[in-house]
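Chains as they are written, first to last, in this note's numbering: chain A, 51 to 354; chain R, 51 to 354.
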C-alpha cells in the first residue's frame with residue numbers, strides 16, 4: 051500500500067510497532083541523561099516540497115533552525131546544540147555559505163550552537179537539522195486535562211497567506227503583504243514562551259500543520275476533546291487586509307493554514323500571563339475530537 | 051565556485067568560518083552536559099549516491115544505523131539514542147517497514163534506541179540518522195603523538211570489492227564473493243573496541259573514505275606525520291581471492307577503498323590488546339603528511 055494511502059501518521063504508527071516504541075510521536079523525544087531531561091528532535095526542509103528554488107538561502111537557514119527550535123520550545127525546553135545535515139547537488143558554494151549565514155543568525159537569536167553536521171551529495175537540496183535541548187519539566191502533547199483552557203500564541207494563518215503571495219511572483223508587494231511573506235519565509239520559534247510553558251503548561255504542540263490538525267494531535271494524545279471558539283482565534287490585521295482584498299475568509303487560513311509555528315497549549319485559565327501574546331481560544335473537556343462551534347472538525351497539511 | 055572545485059573539505063572549512071566554530075571536523079561533536087561528555091553525529095544515505103535502488107531495505111536500515119554508531123565508537127563512545135529522518139517519495143509503505151526492521155535489528159545489536167524522527171516527502175530516498183552517545187573520555191582525531199603506533203581494526207578493502215561485485219549484477223556468486231558483498235551491504239560498527247579506545251587511544255577515526263584519506267585527516271588534525279608499512283596492512287583471504295581472480299592489487303583496495311568502517315587509532319605499542327583483531331600498521335612521527343614506504347601518499351573518496 052502506498053504511503054499516501056495509509057497516510058504519514060498511519061505509517062508512523064506502523065513504524066512504532068516495528069521499533070516496539072510506544073513513546074514516539076511528540077514534538078521531541080524526551081530522554082533522561084543523568085537524571086536530567088534531554089529533548090531530541092529533527093526536521094528537514096526539502097527543495098520543491100518545503101521551499102522553492104528561488105527563496106533566499108539565508109531565509110532557508112533561518113527557517114531550518116527555527117522549525118527545530120520550535121519543537122524544542124513546544125516541549126518546554128531550551129535549545130542547546132544543533133547538527134546540520136546537508137544534501138546538495140554540485141552547486142555554487144556561495145549558496146551554501148549564504149545558507150550558513152542564516153543558520154548562524156538564527157543560532158545567535160535562539161542562543162544555541164551548531165556543533166557539527168554532514169554534507170552529502172544529492173539531486174534536491176535538503177537541509178536536515180537535528181536539535182538537542184534541555185528542560186526541567188518536559189511538556190508533552192498528552193497532558194491536557196478537562197476543565198483547562200486552550201491557548202494559542204501570536205496570530206494564525208499569516209504564513210499560509212504569505213506563501214500564496216510568494217507564489218504570485220509579483221514585482222511589487224504592499225507593506226502588509228510583505229509582512230505576511232516575512233511570516234512565511236522567516237518564522238520565529240517562540241522562545242519567549244519557554245519559561246511559561248515549563249512552569250504552567252500541562253500540554254503543548256507547535257502549529258506546523260494547521261490549528262485543526264495539530265489540535266487533533268493534542269486531543270488524541272491527551273485523550274480529551276477540545277472545544278474551539280472560532281471568534282476567539284487571533285487574526286492579524288495583515289491577514290484581515292489580505293482576505294478583504296480577495297473576498298476570502300481569514301478563519302479558513304487560521305484553522306487550516308500551516309507553518310505558523312505558534313504554540314497551542316493548555317493550562318488553567320488563571321495562569322494566563324498578560325505580558326505574553328497568548329489568547330484563550332477554547333476549552334478542554336472529556337471526550338474525543340476537536341469541535342468548532344459544536345461541530346467536529348478535521349483538516350490540515352499532509353506530506354503525502 | 052562550484053562545490054566540486056573547492057571540495058567537500060574546503061567547503062566545510064568555509065562553513066566553520068561562517069559559524070565561527072573552530073572545533074567542527076571530528077567524527078562526532080563532543081559537548082559537555084552536566085560535566086559529562088555527550089557525542090553527537092549525523093550521517094545520511096542517499097539513493098543513487100550511497101546506495102542503489104535494488105539493495106534490500108533491511109540492509110540499508112542496518113547500514114544507516116551502523117555508520118552513525120561507527121562515528122560514536124571512533125570517539126570512544128557508546129551509542130544511546132537515535133533519530134531517523136526519512137525523505138521518501140510516495141512508495142509502497144512495505145519498503146519503509148522493511149527499512150525499519152533493519153534499523154531495529156541494528157539497534158538491538160548496538161544496544162541503542164530510536165526515540166524519534168521525521169518523515170518528509172522527496173524524490174530520492176534518503177535515510178538521515180542522528181546519533182547521541184556518551185563517553186567517559188572523548189577520543190578525537192587530534193591526539194596522536196610522535197612515538198606512538200598506528201593500529202587498524204579488522205581487514206581493509208573488502209567493502210570496495212563487495213561493491214564492485216554487486217555492480218556486476220550476476221545471478222551466482224561464489225562463497226568468498228558473497229562474504230565481500232556482505233561486508234559492503236552490512237558493515238558492522240566496531241562496538242567491541244569501545245572500552246579499549248576509551249582507555250588507551252590517543253586518537254581515532256573510522257575508515258569511511260579509505261585508509262589514506264582518513265589517515266590524512268588524522269595526521270593533519272594531530273599535527274603529526276604517519277608512516278604506514280604497506281606489508282603490515284591486514285588483507286582478508288576473501289579480498290586476496292578476489293584480486294587473484296582479476297589480477298588486481300589488494301593493497302590498492304586496502305589503501306583507497308572506502309566504507310570499511312574499521313577503526314584507525316594510535317597509542318603506545320605496549321597497549322596492544324591481543325584479544326582484539328588490531329594490527330600495528332605504522333608509526334606516528336613529527337612532521338606532516340601520510341607516507342607509505344617513505345613516499346607521501348594521498349587519495350580516497352570524495353562526494354563531489
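By construction, the Cβ of each residue, glycine as well, lies at the ideal position given by its N, Cα and C atoms.
Between which two residues does the beta strand (DSSP E) containing residue i stretch?
i: residue 235/R; result: Here residue 235/R belongs to no beta strand (DSSP E); instead the alpha helix (DSSP H) covers 225-235.
i: residue 250/R; result: No beta strand (DSSP E) holds residue 250/R; the alpha helix (DSSP H) holding it covers 244-250.
i: residue 178/R; result: 176-185
i: residue 283/R; result: Where residue 283/R is concerned, there is no enclosing beta strand (DSSP E), given that its DSSP letter is neither H nor E.
i: residue 169/A; result: 163-171
i: residue 59/A; result: Per DSSP, residue 59/A belongs to no beta strand (DSSP E); it is in the alpha helix (DSSP H), 58-69.
i: residue 209/R; result: It is not in any beta strand (DSSP E) - residue 209/R instead sits in the alpha helix (DSSP H) that spans 208-217.
i: residue 79/R; result: 79-83
i: residue 341/R; result: 339-342
i: residue 253/A; result: 253-257
i: residue 203/A; result: 199-203
Could you check if residue i is buried or exposed, using at least 16 other CB atoms within 10 Å of its CB as the buried criterion?
i: residue 353/A; result: Confidence at residue 353/A is low in this model, with a pLDDT of 48, below 50, so the placement of that residue should be treated as unreliable; the coordinate-derived value is given next. Buried, because 16 or more other Cβ atoms sit within 10 Å of the Cβ of residue 353/A.
i: residue 86/R; result: exposed
i: residue 52/A; result: exposed
i: residue 91/R; result: buried
i: residue 325/A; result: exposed
i: residue 82/R; result: exposed
i: residue 175/R; result: buried
i: residue 319/R; result: exposed
i: residue 72/R; result: exposed
i: residue 295/R; result: exposed
i: residue 217/A; result: exposed
i: residue 367/A; result: Residue 367/A cannot be examined here, being either before or after the span of chain A that is shown, 51 to 354.
i: residue 350/R; result: Unreliable placement is indicated for residue 350/R, whose pLDDT of 48 sits below 50; the coordinate value is still reported in the next sentence. Residue 350/R comes out buried.
i: residue 93/R; result: buried
i: residue 344/A; result: exposed
i: residue 77/R; result: buried
i: residue 136/A; result: buried
i: residue 67/A; result: exposed
Does the Cβ-Cβ distance between residue i and residue j come in under 9 Å?
i: residue 303/R; j: residue 178/R; result: no
i: residue 152/R; j: residue 111/R; result: yes
i: residue 233/A; j: residue 288/A; result: yes
i: residue 334/A; j: residue 195/A; result: yes
i: residue 134/A; j: residue 106/A; result: no
i: residue 310/A; j: residue 210/A; result: yes
i: residue 268/A; j: residue 342/A; result: no
i: residue 119/A; j: residue 160/A; result: yes
i: residue 206/R; j: residue 278/R; result: no
i: residue 230/A; j: residue 260/A; result: no
i: residue 244/A; j: residue 128/A; result: yes
i: residue 272/R; j: residue 332/R; result: no
i: residue 239/A; j: residue 264/A; result: no
i: residue 338/R; j: residue 270/R; result: yes
i: residue 247/R; j: residue 181/R; result: no
i: residue 170/R; j: residue 96/A; result: yes
Which residue comes first and which comes last in the alpha helix (DSSP H) that contains residue i?
i: residue 94/R; result: Per DSSP, residue 94/R belongs to no alpha helix (DSSP H); it is in the beta strand (DSSP E), 86-96.
i: residue 272/R; result: 261-272
i: residue 301/R; result: 300-306
Considering only the alpha carbon of each residue, which of the options lies closest to residue i?
i: residue 168/R; options: 273/R, 189/R and 146/R; result: 146/R
i: residue 108/A; options: 181/A, 170/A, 205/A and 237/A; result: 237/A
i: residue 308/A; options: 275/A, 265/A, 283/A and 258/A; result: 258/A
i: residue 74/A; options: 148/R, 74/R and 132/R; result: 132/R
i: residue 124/A; options: 138/A, 79/A and 102/A; result: 79/A
i: residue 212/A; options: 200/A, 202/A and 225/A; result: 225/A
i: residue 286/R; options: 227/R, 99/R, 192/R and 197/R; result: 227/R
i: residue 157/A; options: 293/A, 137/A, 97/A and 241/A; result: 241/A
i: residue 321/A; options: 198/A, 93/A, 340/A and 155/A; result: 198/A
i: residue 98/A; options: 88/R, 139/R and 122/R; result: 139/R
i: residue 336/R; options: 274/R, 327/R, 329/R and 316/R; result: 274/R
i: residue 251/A; options: 191/A, 104/A and 141/A; result: 191/A
i: residue 283/A; options: 69/A, 314/A, 68/A and 185/A; result: 314/A
Task: Within the segment 313-337 of chain A, ranges of the beta strand (DSSP E) (whole runs, at least 3 residues) - done: 328-335
TODO: List in chain order: all unbroken beta strand (DSSP E) runs of 3+ residues lying wholly within the segment 115-143 of chain R.
DONE: Within the segment 115-143 of chain R, the runs of beta strand (DSSP E) at least 3 residues long that lie entirely inside it are, in chain order, 128-138.
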